[in-house]
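**Student:** Structure in structure tokens, see below.
Here it is as structure tokens:
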């Protein structure tokens with residue numbers, strides 16, 4: 001599974017194995033407008049080199065930047081434990097805590113898909129963009145809007 005081509009802001013990462021982590025660390029809010037990589041990409045700011053994901057939490061919905069070379073691990077830390085992914089559509093995947101129901105985390109959101117009953121989501125969750133090869137892609141405003149159509153408050 002090669003992930004050589006960069007995403008919209010020059011960042012593309014591969015997904016690997018289960019993700020584990022601790023709650024509330026590692027994310028910084030970003031503006032919802034990604035900047036395309038170009039000839040000056042080597043001079044990008046720290047904010048531009050962060051992987052952008054949609055985070056759904058107690059504080060609302062937003063586009064967040066995950067620092068570091070391994071956004072999967074940072075995402076697990078942000079959500080507070082080992083995570084699992086479920087496909088939402090061709091581009092988006094829902095990331096939730098594997099033990100959310102067992103830990104009786106608060107249900108604030110539900111996954112809504114056509115032809116299916118709403119599926120409650122225990123705890124905070126995130127939505128990531130995934131390319132055809134299974135690589136994480138940077139999310140932008142349009143991805144955030146699409147995620148908000150599927151993940152709605154209960």
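Residue numbers (UniProt numbering): 1 to 154.
Glycine included, each C-beta is placed from N, C-alpha and C at the ideal position.
Does the count of Cβ pairs from the segment 100-113 and the segment 146-154 closer than 8 Å reach three?
**Tutor:** yes
**Student:** If contacts are defined as beta-carbon pairs under 8 Å, then residue 143 and residue 51 qualify, I think. What distance do you get, rounded to the angstrom?
**Tutor:** Along the chain shown, read from residue 1 onward, the residue named residue 143 stands at position 143. Along the chain shown, read from residue 1 onward, the residue named residue 51 stands at position 51. Between residue 51 and residue 143 the Cβ distance is about 12 Å, and since that is not below 8 Å, they are no contact.
**Student:** Which residues in the same chain have their Cβ closer than 6 Å to the Cβ of residue 93, if we skip the five residues on either side of it in sequence?
**Tutor:** Within the chain shown, residue 93 is the residue found at index 93, counting from 1. So the qualifying residues of the chain are 85, 87, 128, 130.
**Student:** Leaving aside the five residues before and after residue 44 along the sequence, list all residues of the same chain whose C-beta is less than 6 Å from its C-beta, in chain order.
**Tutor:** Taking the chain shown and counting its residues from 1, the one referred to as residue 44 is at position 44. Below a pLDDT of 50, predicted positions are generally treated as unreliable, and residue 44, at 41, falls in that range; no measurement from the model is reported.
**Student:** Can you list the alpha helix (DSSP H) stretches of 4 or more residues lying completely in the segment 47-119, in chain order?
**Tutor:** Taking 4 residues as the minimum length, the alpha helix (DSSP H) runs contained wholly in the segment 47-119 are 71-79, in order along the chain.
**Student:** Give me the residue from 117, 62, 100 with the minimum Cα distance to residue 76.
**Tutor:** To locate residue 76, count along the chain shown from 1; it is residue 76. Taking only the C-alpha atoms, the option nearest residue 76 is 100.
**Student:** Please report the residue range of the beta strand (DSSP E) in which residue 129 lies.
**Tutor:** For this step, residue 129 is matched to residue 129 along the chain shown. Per DSSP, residue 129 is one residue of the beta strand (DSSP E) stretching across 125-130.
**Student:** Once the 5 residues before and after residue 56 are set aside, which same chain residues still bring their CB inside 6 Å of it?
**Tutor:** By one-based count along the chain shown, residue 56 stands at place 56. Closer than 6 Å at Cβ, skipping near neighbours: 109, 125, 151.
**Student:** Thinking C-beta only, is residue 136 closer than 8 Å to residue 71?
**Tutor:** Here the question's residue 71 lines up with position 71 in the chain shown. Here the question's residue 136 lines up with position 136 in the chain shown. In contact: residue 71 and residue 136 (Cβ atoms closer than 8 Å).
**Student:** Name, in chain order, the residues that DSSP records as bridge partners for residue 122.
**Tutor:** What you label residue 122 is simply residue 122 of the chain shown in a count that begins at 1. Its beta-bridge partners are 107.
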